[in-house]
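Peer 1:
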DNA sequence: ATTTATTTTTGGAATTATTCTAATTATTTC
DNA sequence: GAAATAATTAGAATAATTCCAAAAATAAAT
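Chains as they are written, first to last, in our numbering: chain R, 21 to 184; chain L, 21 to 184.
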């Protein structure tokens, strides 16, 4: 899953710097580049890396968690950059932000129409796929003249694993 | 809407302290007392006042806004107390917390099953009443063995007033 | 009614997640 | 390859909320 990329190799070979970056599959790399280009932003090593970190383990990490994971293979990345990257990736529509009550924002690579279930017992966050019909009903509940940009649906309770 | 309550009247009448508190209608006062009693908590002047402030203007104020409104007729109340009161009122099921993305928590006296629409243009937050059927459909989307405690639904977009 | 025990309130300090800032570094454009 | 633009970085700043320990209020027990 990891690949070495040799950069800044000096002529006399006395000082080499290696940076480990995660390998983004060609289709995701292309998706990233496209999305960034569309919003006039550059495809950088850090953005690529943060994106790959989020795609690798398809859960719902906080910025801090993303930072920890990102650092393990790119030790020089800063928390501010992680925040910046998460922001640009969200803006570009490559990932989604997920908010639960007063908890830190989490990030989610699942772009399908879905809700989130937060298990108060295990702390687990589970994606809940929603049929279009449910969304249609939700939209139908709005007064005339309202236009929706986004609907965020968050359940909480007890997940299947946490029952007796 | 306001009433004076005379307290701490000393025997010689030389030093009276008046505290202005909002009048909670008898049914709400009773509802408050009941709810607090059920959770073994005391009905205090501050809790009563914060409750009345929230009921008075049925919008979705933040803690800071509640604090500002509360202070105008109870100047000695502290922000910490407002937070405490809002917490106990929420726990007792008398008000609801409403969260929008990274915004400060807002508080809502509407206890019916409803969602919130946040207009990105005006900043207005509007209650959206939801038919039971929609909630049923949402519950039906959960995997077997999951039990829901609460579903929070937040729309954002443009409200009717903000269209051309 | 006083005393005693328990809750609440209070102001300020502490915390936490996030954003801002200004300098450095990287990338693109000419 | 130099100039222009954008992104990264470390650390400071901010904002909402929680924590803390002392004082005040309320309830319970004598």
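Idealized CB from N, CA, C, for every residue including glycine.
Please work out which residues of its chain come closer than 6 Å, Cβ to Cβ, to residue 124(L), disregarding the five sequence neighbours upstream and downstream, and give them in chain order.
Peer 2: Here residue 124(L) refers to the residue found at position 104 of the second chain. If we look at residue 124(L) and ignore the five residues flanking it on each side, its Cβ neighbours are 82.
Peer 1: Counting pairs of Cβ atoms below 8 Å between the segment 162-180 of chain L and the segment 163-179 of chain R, do you hit three or more?
Peer 2: Flag = yes, the segment 162-180 of chain L and the segment 163-179 of chain R touch.
Peer 1: At a CB distance below 9 Å, what residues from the segment 137-165 of chain L approach chain R? Give them in sequence order.
Peer 2: Within the segment 137-165 of chain L, the qualifying residues are 137, 139, 140, 146, 148, 149, 150, 151, 153, 154, 157, 158, 159, 160, 161, 162, 163, 164 and 165.
Peer 1: Can you pull the chain R residues whose beta carbon is under 9 Å from the beta carbon of residue 169(L), in chain order?
Peer 2: Translated into the one-based positions of the second chain, residue 169(L) becomes position 149. Here the neighbours are 140, 175, 176, 177 and 178.
Peer 1: With 9 Å as the C-beta to C-beta threshold (strictly closer), list the residues of the segment 69-80 of chain L near chain R in chain order.
Peer 2: Under the 9 Å Cβ criterion, the segment 69-80 of chain L contributes no residue.
Peer 1: So, are the CB atoms of residue 162(R) and residue 137(L) less than 8 Å apart?
Peer 2: Taking the first chain and counting its residues from 1, one reaches residue 162(R) at position 142. Taking the second chain and counting its residues from 1, one reaches residue 137(L) at position 117. Going by C-beta atoms, residue 162(R) is nearer than 8 Å to residue 137(L).
Peer 1: Can you look up residue 115(L) in the DSSP assignment and give me helix, strand or coil?
Peer 2: The residue you call residue 115(L) lines up with position 95 of the second chain. In the structure shown, residue 115(L) sits in coil (DSSP, three-state: anything other than H, G, I, E or B).
Peer 1: Could you check if residue 107(R) is buried or exposed, using at least 16 other CB atoms within 10 Å of its CB as the buried criterion?
Peer 2: Numbered from its first residue, the first chain carries residue 107(R) at position 87. Classification for residue 107(R): exposed.
Peer 1: By the criterion of Cβ-Cβ separation under 7 Å, what are the contact partners of residue 172(L) in chain R?
Peer 2: For the purposes of this step, residue 172(L) is identified with residue 152 of the second chain, where counting begins at 1. Within 7 Å Cβ-Cβ: 174.
Peer 1: Starting from residue 140(L), follow the beta strand (DSSP E) in both directions and report where the run begins and ends.
Peer 2: Start at 1 with the first residue of the second chain, and residue 140(L) comes out as number 120. Unbroken run through residue 140(L): none, as it is neither H nor E.
Peer 1: Since residue 11(L) and residue 139(L) are thought to touch, with beta carbons under 8 Å apart, how far apart are those beta carbons, to the nearest angstrom?
Peer 2: What the structure shows of chain L is the stretch from 21 to 184, and residue 11(L) is not part of that stretch, so it cannot be assessed.
Peer 1: Ordered along the chain, which non-local residues of its own chain (more than five positions away) have a Cβ less than 7 Å from that of residue 86(R)?
Peer 2: Here residue 86(R) corresponds to residue number 66 of the first chain, with the count starting at 1. Closer than 7 Å at Cβ, skipping near neighbours: 70, 73, 74, 102, 106 and 127.
Peer 1: Determine the chain R residues that contact residue 122(L) at a beta-carbon separation under 9 Å, and present them in chain order.
Peer 2: On the second chain, residue 122(L) is found 102 positions in, with the first residue counted as 1. Going along chain R in sequence order, the residues near residue 122(L) (Cβ under 9 Å) are 117, 119 and 125.
Peer 1: How should residue 56(R) be labelled, buried or exposed, when 16 other C-beta atoms within 10 angstroms of its C-beta is the threshold for buried?
Peer 2: The count along the first chain starts at 1 and reaches residue 56(R) at position 36. Per the 10 Å Cβ criterion, buried.
Peer 1: Around the C-beta of residue 112(L), are 16 or more other C-beta atoms found within 10 angstroms, so that it is buried, or is it exposed?
Peer 2: Working through the second chain from its first residue, we reach residue 112(L) at position 92. By the 10 Å Cβ count, residue 112(L) comes out buried.
Peer 1: For residue 131(L), does the count of other Cβ atoms within 10 angstroms reach 16, so buried, or fall short, so exposed?
Peer 2: Along the second chain, one-based indexing puts residue 131(L) at 111. Looking at its Cβ environment, which holds fewer than 16 other Cβ atoms inside 10 Å, residue 131(L) is exposed.
Peer 1: How many angstroms separate the CA atom of residue 160(R) from the CA atom of residue 181(L)?
Peer 2: Translated into the one-based positions of the first chain, residue 160(R) becomes position 140. Translated into the one-based positions of the second chain, residue 181(L) becomes position 161. So the alpha carbons of these two residues sit roughly 18 Å apart.
Peer 1: Between which two residues does the alpha helix (DSSP H) carrying residue 66(R) extend?
Peer 2: Here the question's residue 66(R) lines up with position 46 in the first chain. Per DSSP, residue 66(R) belongs to the alpha helix (DSSP H) from 65-76.
Peer 1: Under a Cβ-count criterion, where at least 16 other Cβ atoms within 10 Å of its own Cβ denotes burial, should residue 67(R) be classed as buried or exposed?
Peer 2: The residue labelled residue 67(R) in the question sits at position 47 within the first chain. Counting Cβ neighbours within 10 Å, residue 67(R) comes out buried, since at least 16 surround it.
Peer 1: Using a Cβ-Cβ distance cut-off of 8 Å, determine whether residue 54(L) contacts chain R.
Peer 2: As a first step, residue 54(L) is located in the second chain; it is residue number 34 there, counting from the start. Not one chain R Cβ lies under 8 Å of residue 54(L).
Peer 1: Give the DSSP-derived three-state secondary structure of residue 31(L) in the structure shown.
Peer 2: By one-based count along the second chain, residue 31(L) stands at place 11. Confidence at residue 31(L) is low in this model, with a pLDDT of 32, below 50, so its placement is unreliable and no value can be given for it.
Peer 1: Find out if the Cβ-Cβ distance for the pair residue 151(L), residue 78(L) is shorter than 8 Å.
Peer 2: In the second chain, the residue the question calls residue 151(L) occupies position 131. In the second chain, the residue the question calls residue 78(L) occupies position 58. No; because the gap between Cβ atoms is not below 8 Å, this pair is not in contact.
Peer 1: Please go through the same chain and pick out, in chain order, the residues whose beta-carbon is closer than 7 Å to the beta-carbon of residue 63(L), but skip the five residues on each side of it.
Peer 2: Mapped onto the second chain, residue 63(L) falls at position 43. For residue 63(L), where only same-chain residues beyond five positions count, the Cβ hits under 7 Å are 52, 53 and 56.
Peer 1: With H, G and I counted as helix, E and B as strand and the rest as coil, what does DSSP make of residue 96(R)?
Peer 2: Along the first chain, one-based indexing puts residue 96(R) at 76. Correct three-state label for residue 96(R): coil.
Peer 1: Would you identify the three-state DSSP class for residue 122(R), choosing helix, strand or coil?
Peer 2: Taking the first chain and counting its residues from 1, one reaches residue 122(R) at position 102. Residue state, collapsed to three classes: coil.
Peer 1: Taking the alpha helix (DSSP H) that residue 184(L) belongs to, which residues open and close that run?
Peer 2: Position 164 of the second chain, counting from 1, holds the residue named residue 184(L). Here residue 184(L) belongs to no alpha helix (DSSP H), and DSSP marks it neither H nor E.
Peer 1: According to DSSP, simplified to helix, strand and coil, what is residue 161(L)?
Peer 2: Start at 1 with the first residue of the second chain, and residue 161(L) comes out as number 141. Residue 161(L) falls in the coil class under three-state DSSP.
Peer 1: Can the beta-carbon of residue 133(R) be found closer than 8 Å to that of residue 155(R)?
Peer 2: Position 113 of the first chain holds residue 133(R). Position 135 of the first chain holds residue 155(R). Closer than 8 Å, so yes.
Peer 1: What three-state label does DSSP hand residue 36(L) in the structure shown?
Peer 2: Sequence index remark: in the second chain, residue 36(L) carries index 16 (1-based). Unreliable placement is indicated for residue 36(L), whose pLDDT of 34 sits below 50; the coordinate value is still reported in the next sentence. Residue state, collapsed to three classes: coil.
Peer 1: Among 65(R), 183(R), 48(R) and 122(R), which one has its Cα closest to the Cα of residue 95(R)?
Peer 2: Here residue 95(R) refers to the residue found at position 75 when the first chain is read from its first residue. The shortest Cα separation from residue 95(R) among 65(R), 183(R), 48(R) and 122(R) belongs to 65(R).
Peer 1: Using a threshold of 8 Å, state whether the C-beta atoms of residue 148(R) and residue 80(R) are closer than that.
Peer 2: Translated into the one-based positions of the first chain, residue 148(R) becomes position 128. Translated into the one-based positions of the first chain, residue 80(R) becomes position 60. Result no, Cβ atoms of residue 148(R) and residue 80(R) do not sit closer than 8 Å.
Peer 1: If I measure Cβ to Cβ from residue 49(L) and keep anything under 8 Å in the same chain, skipping five residues before and after, which residues do I get?
Peer 2: Within the second chain, the letter at position 29 stands for residue 49(L). Contacts found: 68.
Peer 1: Quick one: what's got a C-beta closer than 7 Å to residue 91(L)'s C-beta in the same chain, skipping five residues either side?
Peer 2: Sequence index remark: in the second chain, residue 91(L) carries index 71 (1-based). Within the same chain, residue 91(L) has close Cβ partners 97.
Peer 1: May I have the straight-line CA-CA distance separating residue 46(R) from residue 76(R), to the nearest angstrom?
Peer 2: Taking the first chain and counting its residues from 1, one reaches residue 46(R) at position 26. Taking the first chain and counting its residues from 1, one reaches residue 76(R) at position 56. Straight-line Cα distance between these residues: approximately 14 Å.
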